[in-house]
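The block underneath contains the structure these notes are about, expressed in structure tokens.
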């Protein structure tokens, strides 16, 4: 497959083009850099911080 970032890029494109309204990701799968049009609006707490 196209690697870990391939799926994320498809979701980012759909968000930017208003094809979808929201996306939920595993934080570890997000790339370090993201398009300036997108922002992280929430991060849920973890029971065990080592699981972050």
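Numbering (this note's numbering), first residue to last: 31 to 82.
Glycine included, each C-beta is placed from N, C-alpha and C at the ideal position.
Look at the alpha carbon of residue 107 and the alpha carbon of residue 76, and state the distance between them as a whole number of angstroms.
Lying before the first or after the last residue shown, residue 107 is absent from the chain, which here runs from 31 to 82.
Inter-residue CB distance, residue 60 and residue 45 (contact presumed, cutoff 8 Å):
That pair is no contact at about 13 Å.
Close-in-space but distant-in-sequence residues of the same chain around residue 53 (CB under 7 Å, 5 per side omitted)
Correct list, in chain order: 41, 45.
Would you mind stating whether residue 73 and residue 55 have Cβ atoms separated by less than 8 Å?
No.
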